[in-house]
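Encoded as structure tokens, the structure appears first; notes follow it.
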């Protein structure tokens, strides 16, 4: 999560005038905070938006005596809540038509509403249990706006670079699947010659789908390196891996049998963790809509 969040500034190395200097300074500040050991997260999603940040209803009001903003609105899936120093959100600034990115400084901020942030829904996910993706209600919460205040223009630049930072979400799930297959193979070795026909077929499918996951991810990396339309391939890869990863984990548990259902085995936890990929931005419905729309246009 952390490298994916700050990759926004990596993917947009330079802003046009009159934002060039401010964007450069903000970029250096963001990277300096990471070097100092601070962690970054996001709290972008809102109830009723279907995972589409362009539908944000949160309001951003500019401070009368400075460059800061005050944000009001409900947010959920605040990944890293309580662990991150800074969190990126999205809100609609007064008088504007499209939402933009803002930064919350969460250091020392209590969740009782006294300074603008109230915890309203503690994270209780079946998967990603360590992310603490709490739901929060913000009321006049202080925030800093992206130094190049034009989300649409920034996204066009990121489109050209292929948005490589976003691939880190998929990379985590690819890693989980690699480890799951490796661990299961070691446990199955002692009875490889006595596996039933069904178990043999399912294990063969584990190998096939695991290979497809690897090929999908390698394909995205090649597109990034070659300058191809990596943004579209990344979306196709993410959704393909999301479906295949869940399938791989289900097949592994069928082959291993009842012991895979035990809490002293990692497979149940890994199954829920890989399922999370399909719900990460863009979530299932929004992602498939973008895939359909990009069939006749590569622009996402």
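Numbering (my numbering), first residue to last: -6 to 293. For every residue, glycine included, the Cβ atom is placed at its ideal position computed from N, Cα and C. The model shown is predicted, which means the values in this text are computed figures rather than measured ones.
Among the residues of its own chain, which have a CB less than 6 Å from the CB of residue i, if the five just before and after it don't count?
{"i": "residue 2", "result": "20, 23"}
{"i": "residue 231", "result": "163"}
{"i": "residue 150", "result": "5"}
{"i": "residue 248", "result": "192, 195, 196"}
Starting from residue i, trace the beta strand (DSSP E) both ways and give me its first and last residue.
{"i": "residue 247", "result": "Per DSSP, residue 247 belongs to no beta strand (DSSP E); it is in the alpha helix (DSSP H), 223 to 249."}
{"i": "residue 272", "result": "Looking at the DSSP string, residue 272 is not in any beta strand (DSSP E), and its letter there is neither H nor E."}
{"i": "residue 100", "result": "Per DSSP, residue 100 belongs to no beta strand (DSSP E) and is neither H nor E."}
{"i": "residue 76", "result": "Looking at the DSSP string, residue 76 is not in any beta strand (DSSP E), and its letter there is neither H nor E."}
{"i": "residue 35", "result": "33 to 35"}
{"i": "residue 54", "result": "52 to 55"}
{"i": "residue 111", "result": "110 to 114"}
Contact defined as beta carbons within less than 8 Å: I believe residue i pairs with residue j. What is the distance between those atoms, to the nearest angstrom?
{"i": "residue 96", "j": "residue 71", "result": "Between residue 71 and residue 96 the Cβ distance is about 14 Å, and since that is not below 8 Å, they are no contact."}
{"i": "residue 55", "j": "residue 65", "result": "Their Cβ separation, rounded to whole angstroms, is 13 Å, which puts residue 55 and residue 65 out of contact at 8 Å."}
{"i": "residue 160", "j": "residue 227", "result": "6 Å"}
{"i": "residue 8", "j": "residue 141", "result": "4 Å"}
{"i": "residue 260", "j": "residue 269", "result": "Not confirmed; about 15 Å, so no contact."}
{"i": "residue 74", "j": "residue 126", "result": "7 Å"}
Please find out if some non-hydrogen atom of the ligand NAP comes closer than 8 Å to the beta-carbon of residue i.
{"i": "residue 229", "result": "Looking for the ligand NAP in the displayed structure turns up nothing, as the structure carries no ligands at all."}
Taking residue i as the reference, which of the options has the closest Cα?
{"i": "residue 98", "options": "242, 31, 11", "result": "31"}
{"i": "residue 241", "options": "265, 117, 49, 92", "result": "265"}
{"i": "residue 246", "options": "258, 235, 236", "result": "258"}
{"i": "residue 107", "options": "131, 115, 119", "result": "131"}
{"i": "residue 112", "options": "128, 119, 123", "result": "128"}
{"i": "residue 100", "options": "33, 38, 222", "result": "33"}
Go through its chain and collect everything with a Cβ distance to residue i's Cβ below 8 Å, but skip five positions before and after it.
{"i": "residue 303", "result": "The shown model of the chain, from -6 to 293, leaves out residue 303, and the question about it has no answer."}
{"i": "residue -3", "result": "158, 159, 161, 162"}
{"i": "residue 15", "result": "8, 140, 141"}
Starting from residue i, follow the alpha helix (DSSP H) in both directions and report where the run begins and ends.
{"i": "residue 26", "result": "13 to 28"}
For residue i, I'd like the list of residues in its chain whose CB is within less than 7 Å of its CB, leaving aside the five on either flank, ordered along the chain.
{"i": "residue 278", "result": "43"}
{"i": "residue 267", "result": "166, 169, 170, 238, 239, 242"}
{"i": "residue 144", "result": "91, 92, 93, 94"}
{"i": "residue 273", "result": "162"}
{"i": "residue 133", "result": "63, 65, 109"}
{"i": "residue 263", "result": "169, 173, 242"}
Query raised in the report: If you scan the segment 132 to 208 from start to end, which runs of the alpha helix (DSSP H) of 4 or more residues do you find wholly inside it?
Result: 144 to 154, 160 to 181
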